[in-house]
Every structure is written in structure tokens, then in C-alpha cells.
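Down below is the structure, laid out as C-alpha cells.
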Amino acid sequence: MSNLKQPVLFFCTVLLTIFFSHVTCAQTYVANQSDYAVTQNYYVTIIGKGFSAIPRLAQLNLFANLLPKGGDIHHHYSGALYAETYLDWVEAKGLCIDRTNYKVEFSVPPPIGADCLPAAQVRADEAFYRQLLMRWSDKDYSNHSHETLPPDQQFFKTFEYFTTISEADHKDGLLILKQRAMDEGLQYIETMLIRAPSAQPTALDTALDRLSPLDREADIDAELDVAWTRMENDTEFQRSILSYAASIDKATDGLDGPEFMLRTQAYVMRNDRPSAVFSSMYAGFNAAQKTDKLVGMNIVGAENNAIAMRDYRLHMRMLRYLKGKFPGLNLALHAGELSLGMVPPEGLRHHIREAVDIAGARRIGHGLDIAYESDADRLLMKMKQKKVAVEINLSSNALIAGVEGSAHPVTIYMQHGVPIVISTDDEGVSRSSISHEYFLFMSRYQPSYAVLKQTVYNSIRYSFLTQADQAVQIQLLDQRFTAFEKKIAAMVRGFPMQ
Ligand SMILES: [Zn+2]
76 MSNLKQPVLF FCTVLLTIFF SHVTCAQTYV ANQSDYAVTQ NYYVTIIGKG FSAIPRLAQL
136 NLFANLLPKG GDIHHHYSGA LYAETYLDWV EAKGLCIDRT NYKVEFSVPP PIGADCLPAA
196 QVRADEAFYR QLLMRWSDKD YSNHSHETLP PDQQFFKTFE YFTTISEADH KDGLLILKQR
256 AMDEGLQYIE TMLIRAPSAQ PTALDTALDR LSPLDREADI DAELDVAWTR MENDTEFQRS
316 ILSYAASIDK ATDGLDGPEF MLRTQAYVMR NDRPSAVFSS MYAGFNAAQK TDKLVGMNIV
376 GAENNAIAMR DYRLHMRMLR YLKGKFPGLN LALHAGELSL GMVPPEGLRH HIREAVDIAG
436 ARRIGHGLDI AYESDADRLL MKMKQKKVAV EINLSSNALI AGVEGSAHPV TIYMQHGVPI
496 VISTDDEGVS RSSISHEYFL FMSRYQPSYA VLKQTVYNSI RYSFLTQADQ AVQIQLLDQR
556 FTAFEKKIAA MVRGFPMQ
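In the numbering used here, the protein residues as written are 76 to 573.
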């Protein structure tokens, strides 16, 4: 900076403080700042930080939409697509919607006597169309009085309507999500694309299905060994795993480019019998050795379900066992997606810890009940030290668990230095977007601009991309932030000062 500019800046700063409306001086001041500083200062003004200041929500919304977002790494493929897309697919396949239960009728033609509406008629019937959207997503769940299910049931039930049709064309769906991602300033998605297959049930499953999470570890491992050997020699199951890996390759082929990458996670349903959960986990780990598009494993489904609660520790032990057999596959686990009252207090004490300590999860999905965990302070310290990131899904958490605003533990994680990422979970079901999730993050928690940027970078640094791919994505993100700050600075410099 020249000798002349320093006193000019100081003089202007003083004048700005006293006479904020001094147009010429203010413009000189802004003109002399770096793009980063202008962006940061503008962000501070719209975020409403400080005593009695309130966020300027419209400006924050624009800022959130322009912001580079890095990656969305807690992302369910089927829950990301909007119901309107699924209705388009119903139409394209010549299917119809059963008027009595809002489900897709897959028989063509529909059974005689079925009360079934083609998609065009669904759209033409305003009342039925709105009802369908309300069942296939959380649309209008809480903005007017009507008969509703409990919120977590409403959420999980939506998948019953569209799961089958969502599998009709993974490539088509991924192309829609890629386009949306690029429109939203995302450059990477790590999605839970296809559920890992389970082995056919056999009479030999009985011992595994009788396991208790409280059994001795050696007894559990002995049973898992038996199941492992059986699966290794099950040619039909091995064939289904090959086909699973091939379907991931096929769906993701050609999606990567200079501005966008996509990788997938295998997922298993936590509310199935133990033998099915274990074989599905095995399939996910095994398939990851056959395709580099599969970079992680997750466990999904309502965590407060009776089976999920009963078998939670058993599932963590299964994952630990399989990590020993297939080292290298990363775990991002839904854990602690619970709030007080959903389950007895004892059920809130150990899920996050066991995901970290037993299964060795590198990322935690939601982590909502951290405040209720036994020795939560020490667990937080451990997560910070081990760099276990927490995936924050604000819209989803508000609806499913009723946790939002200042009660959301995102502030606990930030305070304790545990890395966080902002993600969507199921933007189609929540009728949200990654930009909106950042808008909520900024307007509710008022992170500094440096923390906001750090959070965006976390979405690449804590992704399961290879180190080489991460380096490429970080470089791209650097370029995007430079362009973003240039754009915001130009916008601010162009504002009439009044
Ligand atoms: Zn999720």
C-alpha cells in the first residue's frame, strides 16, 4: 500500500464512523479494499452481527445463492429428487397413480377396476395434485392446519411412494441433480445412490439373527466368521454384488467433468434382521473393491425404530468386523438423529460414541443428541482430535426431530472445534436446496466469514475423495471463491451509498 493511501484510509475510516453517509469518502474506502475485505465487511453488515442487530434475510438469501458451496456430502439420491420429477417419470413410463393410496401403479394396463390417474390428469386435478405432493414430500407439512402424521413418520413414509420409481433411471436422475448442483454453486456430490443387496435368507441365518448386542465380542465375531465364509462361497450373492457395482458404474459414467464430480456411498437399512443387515454391509464393502465410484458406506432408516435401537451396537460391531476384512472403505454413519422424547433417555447416551469408537466412523450424520451422550465433553474432544466431521442438515433436523434454532447442537460442535459440513440430506423431501441450508446456517448462527469459508472447504476436505481428487477440487474451490469475492465486491462498490 502506498504511503499516500494509509492516511487516506485512516481519515476515511474516522469519517465513516462519524458521518456514515459521506458518499465520496465511503466509495473511496471500499474501492481501496481487497475483494475479500469488501465481501467480508458486506457479509458482516447483512448477517446482523452485534447487539440488537438483525440479519438482512433477503440480502443473505442472495449471498447464499451466489456462494460457492464445495460439496454436498450427506445426500440421499432418492430423497434429493423432487416429487415433480417422479411424476414426470410416471408419465414417461405410461404408468398411473392409484387415487386411493397415492402410490404408483406399475401394472400396464392397470388392473381392471383400479382407480388410477395418468400423470397429466393428476396435474390437472389441483386438489389431488397438492395432496400427492404433500404425501411424496414434506410440502406444506407445517404451514397450515391439516391431518398429519408424526413428523418423523411423515418423512420416512414419503420414501414408500417414490422409492421404486426412483430406481427407474439412475442416470437420468443424476443428470438432474448434477445440473441443479452446478446451478447452486456445488462442484461435488457424494450420494447414497443404491442400497447394497442382501444375501438370500437361509436357515443358517438363525444364529446370526439371534445375536444380542450384549453378547461377548468373541461370540459375535465367531458368528460373523461363519456368515462371512458362507457369503464368500455364495456364487449367486457374489454375482449380485458384481451387478450392484456395475450398476453404480453405469449410473455414474460420464458425469465427472472439469466443473463437477460425483461419488457414491453404499447404504444398508438398519431396520432389517441382523443377517440381512450384515450381508448388505458385506456387499457394500465388497463392491467398493470393484468400483472406484463407491467411496463410502452408510447405515440409514429411522434410528428410533425398535429394531434399530435394539441392534445399534451390534451394527457397529458388524462394521468394525468388516473394516478388519476390507480395510480402506470409509464410514459416514447416521448417528444420534434423535431428540429427547423420541426414545427413552438411555437411548440418547451412546450412539455417536459407538459410531466413533466401535465402528470407526470418519463422519457422523446429524449427531443431534450429542448433549445427552455420556461424557459428551470428552467425546467432543475426541472428535476434534480425530477430525471426525459432523454433517449438519438443518431443514431435515427441524422437521424430523424438532431440533432447530439455538437448540441445534451445531453451535456445540463449532464451540468445541469439531469440524462441520453443511449438507441437504433429502432436499426433494424437505423442499429445500443447498443454498437454503447455507442461508439457514448463516442467518441463525452468524458464523464469521472465515468460519463460513472454512465450512465450505470442509465439504471437500472431509469428503471421501482420494487425496489427488481433493487437491483438484480444492483448487477449483479457490478459483470459485476468488470469482465470488470479485462479484460481491463489484456489487457492493456499485451500491448507491445512502
Ligand atoms: Zn440422511
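A virtual CB, placed ideally from N, CA and C, is assigned to each residue, including glycine. Remember, predicted model here, so these are calculated numbers, not experimental data.
In this structure, residue 147 has its CB at a distance of at least 6 Å from all heavy atoms of ligand 1. In this structure, residue 296 has its beta carbon at no less than 6 Å from each heavy atom of ligand 1. Minimum Cα-Cα distance from residue 169 among the listed residues 182, 159 and 157 corresponds to 182.
As a beta-bridge residue in DSSP terms, residue 438 pairs with 407 and 464. Close CB contacts of residue 120 within its chain, under the 8 Å cut and outside five residues either way in sequence, are with 131 (chain order). Residue pairing by DSSP places residue 293 opposite no residue, since no beta bridge is assigned to it. The closest heavy atom of ligand 1 lies 6 Å or more from the beta carbon of residue 444.
DSSP places residue 495 in the strand class (E or B) of the three-state scheme. According to the DSSP secondary-structure assignment, residue 183 is paired through a beta bridge with no residue. Taking 6 Å as the cut-off, one finds at least one heavy atom of ligand 1 near enough to the beta carbon of residue 500. With fewer than three CB-CB distances shorter than 8 Å, the segment 371 to 379 does not count as touching the segment 304 to 311.
Under a 10 Å Cβ-count criterion, residue 310 is classified as exposed, with fewer than 16 other Cβ atoms of the shown protein chains found around its own Cβ. Excluding sequence positions up to five before and after residue 331, its CB lies less than 6 Å from no other CB in the same chain.
Assignment of residue 261 by DSSP, reduced to helix, strand and coil, places it in the strand class.
A distance below 7 Å between beta-carbons, with the five flanking residues on each side excluded, links residue 338 to the following residues of its chain, in chain order: 265, 368, 370, 539 and 540.
The segment 412 to 426 makes no contact with the segment 318 to 327, as fewer than three CB pairs between them are under 8 Å. The bridge partners DSSP lists for residue 475 come to none. Going by DSSP, residue 342 is part of the beta strand (DSSP E) stretching over 336 to 344.
Its Cα nearest to that of residue 281, the residue 299 stands out among 299, 292 and 392. Taking the C-beta atoms as reference points, residue 351 is found nearer than 7 Å to residue 273. Exposure of residue 129 is indicated by the presence of fewer than 16 other C-beta atoms within 10 angstroms of its C-beta. Setting aside the 5 residues that flank it on each side, residue 401 is surrounded in the same chain by 360, each with a C-beta closer than 6 Å to its C-beta; the list follows chain order.
In this structure, residue 143 sits away from residue 474, with a CB-CB distance that is not shorter than 7 Å. Scanning its chain for C-beta atoms nearer than 8 Å, with the 5 sequence neighbours on each side dropped, one finds around residue 385 the residues 288, in chain order. Closest in C-alpha terms to residue 250, from the list 109, 564, 155 and 364, comes 155. The DSSP-derived three-state label of residue 148 is strand.
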